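Engineer:
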Amino acid sequence: MKKYTFTAKSDTRSGFGKGLLELGEKNPNVVALTADLAGSMKMTEFAAKYPDRFIQCGIAEANMMGIAAGLTIGGKIPFTGTFANFSTSRVYDQIRQSIAYSKKNVKIAASHHGLTLGEDGATHQMLEDIGMMKMLPHMTVICTADFNSTKAATIAAAYYEGPVYLRFGRPPVPIFYPENMNFQIGKGILLNEGDAVTIVANGHLVWEAIVAGEILADQGIEADIIDMHTVKPLDTELLIRSVKKTGCIVTAEEHQINGGLGETIAGFLSRNLPTPQEFVAVNDSFGESGKPDELLAKYGLKHTNIVEAAKRAIARKNR
0 MKKYTFTAKS DTRSGFGKGL LELGEKNPNV VALTADLAGS MKMTEFAAKY PDRFIQCGIA
60 EANMMGIAAG LTIGGKIPFT GTFANFSTSR VYDQIRQSIA YSKKNVKIAA SHHGLTLGED
120 GATHQMLEDI GMMKMLPHMT VICTADFNST KAATIAAAYY EGPVYLRFGR PPVPIFYPEN
180 MNFQIGKGIL LNEGDAVTIV ANGHLVWEAI VAGEILADQG IEADIIDMHT VKPLDTELLI
240 RSVKKTGCIV TAEEHQINGG LGETIAGFLS RNLPTPQEFV AVNDSFGESG KPDELLAKYG
300 LKHTNIVEAA KRAIARKNR
């Protein structure tokens, strides 16, 4: 098992903020909009340095999406910033009609998703957003794992033509990717090579997958571990190559079991290479208020759950 270490932790939303600031310096067409959440979205540095390219929309998320769509007509590259809940369910009609259907070059930056939002509770712990966004034609869907990958994804999104949904979070998580990493939209990252089982994760669960891989390696089980940061378009080439080698797969995500990364992969494999698959995800349930790590444990999204799922998948392929 390849060893991954970290010397610091940071929230992935701060990676977005730094990426946005860097884009502001390099690309005069980049503009930023927020719905009264500039501080939480780490957009304040951009706003202070480029006030003429920053729009405070107030608590009017639907209007923000419409403004962003309009700005693209003049060649601007708008980034909208609010919580995942307000970035999707509150404004789904506007995204569908004004952005996705119209193929507008809007980048929807969504923070504070999932159980790791913690004490804010079920109403804000968005666990359905990937399913909602991936179903929209023309929409690209990305869920990043650490500070450096989020910064890199933000920059990559600005140069990627078409609407993008970029999902990141609030709690501090290990920084394990190198600074200025090469982030390619639509290309998963193979973090470890093994032949016993494929483990595919994204977002906050990538680090949990790495820890699970170390535990499995200590037991003589070597896993392919993939950070599938882009849910749509899916890196089917990497997926097929890995599953042909291992013969079974585990998917791990901070999302509902319905509609997320796991279901996307299951649908693809069922059509192309039917494979035993185990899911680590929230099982058709809303969240609740609590500390992030405790909630991950309660809802079965920790490295121990990935280890157990890997062993179940291996047992199924060996029947």
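Residue numbers (numbering that gives the first Met the number 0): 0 to 318.
Backbone N, C-alpha and C define an ideal beta-carbon position, used for all residues, glycine too.
All figures in this text were calculated on a predicted structure; none of them were measured in a lab.
Return the CA-CA distance between H302 and E293, expressed in angstroms with no decimal places.
Structural biologist: The alpha-carbon atoms of H302 and E293 are separated by roughly 13 Å.
Engineer: Could you check whether I305 and A208 sit closer than 7 Å to each other, using their CB atoms as the reference points?
Structural biologist: Contact: yes.
Engineer: Identify, in the order they occur along the chain, each residue of the same chain with its Cβ nearer than 8 Å to the Cβ of M131, setting aside the five sequence neighbours on each side.
Structural biologist: Closer than 8 Å at the Cβ level, and outside the excluded window around M131, lie T87, S88, Y91 and G258.
Engineer: In the structure shown, what three-state DSSP assignment does I94 receive?
Structural biologist: If DSSP states are grouped into helix, strand and coil, I94 belongs with the helices.
Engineer: Quick check: the stretch 40 to 57 against the stretch 25 to 32, are at least 3 beta-carbon pairs closer than 8 Å?
Structural biologist: Touching, per the Cβ criterion.
Engineer: Got a sec? Which residues, its chain only, sit under 7 Å from E126 by beta carbon, not counting five neighbours each side?
Structural biologist: Glu is not the amino acid found at residue 126; the sequence shown has Leu there. For L126, where only same-chain residues beyond five positions count, the Cβ hits under 7 Å are G113, H254, Q255, V281 and G286.
Engineer: Using three-state DSSP, classify G80 as helix, strand or coil.
Structural biologist: Strand.
Engineer: Could you say if the stretch 7 to 19 and the stretch 60 to 67 meet the contact criterion of at least three C-beta pairs nearer than 8 Å?
Structural biologist: Taking 8 Å as the limit for Cβ pairs, the verdict is that the stretch 60 to 67 does not touch the stretch 7 to 19.
Engineer: Helix or strand or just coil, what does DSSP make of P50?
Structural biologist: Residue state, collapsed to three classes: helix.
Engineer: Just the Cα atoms here: how many angstroms apart are L32 and G246?
Structural biologist: About 45 Å.
Engineer: Would you list, in sequence order, the uninterrupted beta strand (DSSP E) runs of no fewer than 3 residues that lie entirely inside the stretch 251 to 299?
Structural biologist: List check, beta strand (DSSP E) in window: 276 to 281.
Engineer: Please list, in chain order, all residues of the same chain as A308 whose beta carbon is under 8 Å from its beta carbon, the five residues on each side excluded.
Structural biologist: For A308, where only same-chain residues beyond five positions count, the Cβ hits under 8 Å are V249, A251, E277, F278 and V279.
Engineer: Return the CA-CA distance between S241 and G57, expressed in angstroms with no decimal places.
Structural biologist: Cα-Cα distance, rounded: 46 Å.
Engineer: Going by the DSSP bridge assignment, what does R166 pair with across the sheet?
Structural biologist: R166 is bridged to A109 and C142.
Engineer: Could you tell me the alpha carbon to alpha carbon distance between L260 and L116, rounded to whole angstroms?
Structural biologist: Distance between the alpha carbons of L260 and L116 is about 19 Å.
Engineer: Does DSSP put K103 in a helix, a strand or coil?
Structural biologist: Correct three-state label for K103: coil.
Engineer: Inspect the beta-carbon positions of S328 and M180 and report whether they are closer than 7 Å.
Structural biologist: Only positions 0 to 318 of the chain appear in the structure, and residue 328 is not among them; the question remains open.
Engineer: Kindly list the residues whose CB is nearer than 8 Å to the CB of K150, restricted to its own chain and excluding five residues on each side of it in sequence; keep chain order.
Structural biologist: Excluding positions up to five away in sequence, the list reads G14, F15, K17, G18 and E21.
Engineer: Quick check on this structure: which residue in L295, G219, T11 and K1 has the alpha carbon closest to the alpha carbon of F146?
Structural biologist: Here the closest residue by C-alpha is T11.
Engineer: Look at the alpha carbon of G289 and the alpha carbon of G73, and state the distance between them as a whole number of angstroms.
Structural biologist: Going from the Cα of G289 to the Cα of G73 covers about 44 Å.
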